[in-house]
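Peer 1: Per my numbering, the very first residue in the sequence shown carries number 504; after that it's consecutive.
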Amino acid sequence: MHTLNVEHAEPPELDLPHREHRRPRRIVSTLTPSLLTESDYFDLSRMYKVSLVFPCTTLGSRFLLYYEGRYSTPFPARTHGFFYFGPQPGLPPLAASLRFRCTPTAHPSSFAAGHDLLRTDGLPWQRVVAQAVVAASPVLREQLVHEGHLTEDALEKWRTRLGWVKGRKARVVCSNLLFALHQPFPIDFGCSIAPAIVGEDRIYPMIVPQIFADQSEGRRRHPFQGSAVAHFERAPTAPHILHLRIVRLLSPVAPSGTQESRLVPPRAGALLAVRYQGRRFKGRLSEEGKPWAVDLRKDSQTAEALRVLVGGR
Numbered sequence: 504m505h506t507l508n509v510e511h512a513e514p515p516e517l518d519l520p521h522r523e524h525r526r527p528r529r530i531v532s533t534l535t536p537s538l539l540t541e542s543d544y545f546d547l548s549r550m551y552k553v554s555l556v557f558p559c560t561t562l563g564s565r566f567l568l569y570y571e572g573r574y575s576t577p578f579p580a581r582t583h584g585f586f587y588f589g590p591q592p593g594l595p596p597l598a599a600s601l602r603f604r605c606t607p608t609a610h611p612s613s614f615a616a617g618h619d620l621l622r623t624d625g626l627p628w629q630r631v632v633a634q635a636v637v638a639a640s641p642v643l644r645e646q647l648v649h650e651g652h653l654t655e656d657a658l659e660k661w662r663t664r665l666g667w668v669k670g671r672k673a674r675v676v677c678s679n680l681l682f683a684l685h686q687p688f689p690i691d692f693g694c695s696i697a698p699a700i701v702g703e704d705r706i707y708p709m710i711v712p713q714i715f716a717d718q719s720e721g722r723r724r725h726p727f728q729g730s731a732v733a734h735f736e737r738a739p740t741a742p743h744i745l746h747l748r749i750v751r752l753l754s755p756v757a758p759s760g761t762q763e764s765r766l767v768p769p770r771a772g773a774l775l776a777v778r779y780q781g782r783r784f785k786g787r788l789s790e791e792g793k794p795w796a797v798d799l800r801k802d803s804q805t806a807e808a809l810r811v812l813v814g815g816r
């Protein structure tokens, strides 16, 4: 899974050993697209870390950003443009995010001709408001309030409601936050899925450990390797049933062994499907699969979390 680390304040540290990978340390005057100036232009190409400060940042604090993980992957070549903040169409206010707009020139007038920086999975590189709400550092929060993107009252309300998950401090990871049905998220067929559903009152953690696994003799085995982008969607004839659709593959699907699996090989554009056993099959798996499904009427952690996506509790 790909993540953006939650921002934090920390003391100065040594630059990276390679001069070409040194991070810029500049003041960003604004995150409002209509107010950008040429001084807000950044070239992040091949950098591993970006250290930003804002006009209202407390002395000694800074805002750290990585492309994917701490030093694991540098920003791609030709990553030059402007940091900005804005809503995500069709999603609630907590999904508004800090993004990076890659532009053809250093002049703000080229903003409209640019495109948002993407992660390696093809989803937007961003820092959502929900991350800033529960993060320890106030750096981003202060700037968003200063520019009028957020209010202190809204932040306090969200921080109280979202700051804790089942009695524990929330760790908000950008790649697994879901705000709405049909919102895409990355999956790995060799792992469980564990998205966090953001509701109005709290964050609903969810984990489905065996969705891509077979259980045999008390052991869990993942029959396929590969990764994809997926989303949840309602069954057309049963609104209380949710399926998982494989939107597109990020890496090829390959079997990890020779054993027969209940999981139908995942295909781009298709619903995730499983084969089942029944009396007429005498313990054998059926030839055809049926869509993997969650019944929202059930009393389970998974159903409780997914009910939030369809507007229920």
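Idealized CB from N, CA, C, for every residue including glycine.
Would you report the Cα separation of residue 587 and residue 683, rounded to the nearest angstrom?
Peer 2: Rounded to whole angstroms, residue 587 to residue 683 spans 23 Å at the Cα level.
Peer 1: Taking the straight line between their C-alpha atoms, what separation do you get for residue 743 and residue 804?
Peer 2: Rounded to whole angstroms, residue 743 to residue 804 spans 15 Å at the Cα level.
Peer 1: Relative to the C-alpha of residue 719, which candidate in 685, 762 and 771 has its C-alpha closest?
Peer 2: Minimum Cα distance to residue 719 is reached at 762.
Peer 1: For residue 628, which residues in the same chain have their Cβ closer than 8 Å to its Cβ, ignoring the five residues on either side in sequence?
Peer 2: Within the same chain, residue 628 has close Cβ partners 507, 570, 602, 603, 619, 620, 621 and 622.
Peer 1: Give the C-beta separation of residue 632 and residue 600 to the nearest angstrom, bearing in mind that I take them to be a contact with Cβ-Cβ under 8 Å.
Peer 2: With a Cβ gap of about 7 Å, residue 632 and residue 600 count as contacting.
Peer 1: What residue range is occupied by the uninterrupted beta strand (DSSP E) comprising residue 567?
Peer 2: Segment 566-568, the beta strand (DSSP E) holding residue 567.
Peer 1: Any idea what DSSP makes of residue 610, helix, strand or coil?
Peer 2: Of the three classes helix, strand and coil, the one that applies to residue 610 here is coil, per DSSP.
Peer 1: For residue 598, tell me which candidate among 699, 793 and 760 has the shortest Cα-Cα distance.
Peer 2: Selected option, being the one with the closest Cα: 699.
Peer 1: Within this structure, are the beta carbons of residue 578 and residue 547 separated by less than 8 Å?
Peer 2: The answer is yes: Cβ separation under 8 Å.
Peer 1: Thinking just about the alpha-carbon of each residue, which of 657, 717, 735 and 794 is nearest to the one in residue 704?
Peer 2: When each option's Cα is compared against that of residue 704, the closest is 657.
Peer 1: Among the residues of its own chain, which have a CB less than 6 Å from the CB of residue 670, if the five just before and after it don't count?
Peer 2: With a pLDDT of only 49 at residue 670, under the threshold of 50, the placement of this residue in the model should not be trusted, and no figure is reported.
Peer 1: Determine the direct distance from the alpha carbon of residue 708 to that of residue 810, and round the result to whole angstroms.
Peer 2: Between residue 810 and residue 708, the C-alpha separation is close to 12 Å.
Peer 1: Let me check one thing: in DSSP terms, what residues is residue 696 bridge-paired to?
Peer 2: Note: residue 696 sits in a beta bridge opposite 711.
Peer 1: Between the alpha carbons of residue 583 and residue 534, how many angstroms are there, rounded?
Peer 2: In a straight line, the C-alpha of residue 583 is about 15 Å away from that of residue 534.
Peer 1: Kindly indicate which residue of 738, 733, 745 and 740 has the alpha-carbon position closest to the one of residue 752.
Peer 2: Comparing Cα-Cα distances from residue 752 to each of 738, 733, 745 and 740, the minimum goes to 733.
Peer 1: Check for me: the beta strand (DSSP E) holding residue 767 runs from which residue to which?
Peer 2: Neither: residue 767 is in no beta strand (DSSP E) and is coded neither H nor E.
Peer 1: Out of 576, 529 and 768, state which residue places its alpha-carbon closest to the alpha-carbon of residue 887.
Peer 2: What is shown of the chain runs 504 to 816, which leaves residue 887 out entirely.
Peer 1: Sorted by chain position, which residues of the same chain lie with C-beta nearer than 7 Å to residue 812's C-beta, five sequence neighbours on each side aside?
Peer 2: Within the same chain, residue 812 has close Cβ partners 681, 683, 684, 700 and 735.
Peer 1: Can you look up residue 812 in the DSSP assignment and give me helix, strand or coil?
Peer 2: Note: residue 812 maps to helix in three-state DSSP.
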